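A quick write-up on the structure given underneath.
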Amino acid sequence: MALFGNIVQGALGNYSEKTSEELTNEYGSYLFENEKINLGYQLVRDALVFTNYRIIFVDKQGATGKKTAFRSIHLDTIVEVEMETAGMGIDDSEITITYLTNIYQQSNNEAHKTYKFEFPKKTDIVPLYRYLGNIAMTNRERINK
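For the sequence shown, the residue numbers in our numbering are 411 to 555.
Structure (structure tokens):
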């Protein structure tokens, strides 16, 4: 997903989990109707936000950061989640999602892409893996009915 840039990988040393309240204060005006922030991560200027509808990539651009791009992956398109925890060395932890790119979500007609999130070793990614895994399982059940 080159469009989303290298948001997560770009600033591992300045990376911190933020509360939904902090993220709502900053990005709440950009949410859709009935959309709520569940969790997220703030980078130096950029953010990765998980709502009840989508994953939002916030990319602040330019010297001042006033120009901002918002891009999304909708949660109802996620069909697979993989996790790799950090090793002993300088490895990072990773979560890779597979999501559908076609509007007609049918098990016999899938078009999909993957996106890999890289997290610093100190980040506990298990809750995020379980959160996304439960979404993927629900989506698969719905699609395969």
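C-beta: ideal position from N, C-alpha, C; glycine also. Here the structure is a predicted model, which is why all the values come from computation and not from measurement.
Buried or exposed by the 16-neighbour rule on C-beta atoms within 10 Å, applied to residue i
i	result
E403	A question about residue 403 goes unanswered here, because the residues of the chain that appear run from 411 up to 555.
N424	In this prediction, N424 has a pLDDT of 44, which is less than 50 and means its spatial position is unreliable; what the coordinates show is noted afterwards. Classification for N424: exposed.
I417	Residue placement at I417 is flagged as unreliable, the pLDDT there being 44, under the threshold of 50; the coordinate-derived value follows with that caveat. When all chains shown are included, I417 counts as buried.
A546	buried
A457	buried
D469	buried
A412	With a pLDDT of only 40 at A412, under the threshold of 50, the placement of this residue in the model should not be trusted; the figure read from the coordinates follows. Counting Cβ neighbours within 10 Å, A412 comes out exposed, since fewer than 16 surround it.
S503	buried
First and last residue of the uninterrupted beta strand (DSSP E) at residue i
i	result
E492	I488 to E494
V468	R464 to Q471
Rounded distance between the beta-carbons of residue j and residue i, thought under 8 Å
i	j	result
L542	I505	7 Å
A521	L538	Contact flag wrong, Cβ pair sits at about 25 Å.
Q452	K428	5 Å
L433	V454	Contact doesn't hold; Cβ gap of about 15 Å is too wide.
Pick from the options that is closest to residue i, judged by C-alpha positions
i	options	result
N518	I553, T478 and A473	I553
Y525	I488, I545 and D502	I488
K446	V454, Y437, Q452 and L453	Y437
E492	S482, D502, F480 and T508	T508
N480	R464, R540, T474 and S430	Note that residue 480 corresponds to Phe in the displayed sequence, not to Asn. Out of R464, R540, T474 and S430, R464 has the C-alpha closest to the C-alpha of F480.
R482	G475, T474 and I466	Looking at the sequence shown, residue 482 is not Arg but Ser. With distances taken between Cα atoms, S482 lies closest to I466.
N544	D502, D501 and D486	D486
N549	H484, I535 and L441	H484
S430	V536, D501 and T461	T461
* **Sufficient close CB pairs (3 or more, under 8 Å) joining the segment 523-531 to the segment 494-504** => yes
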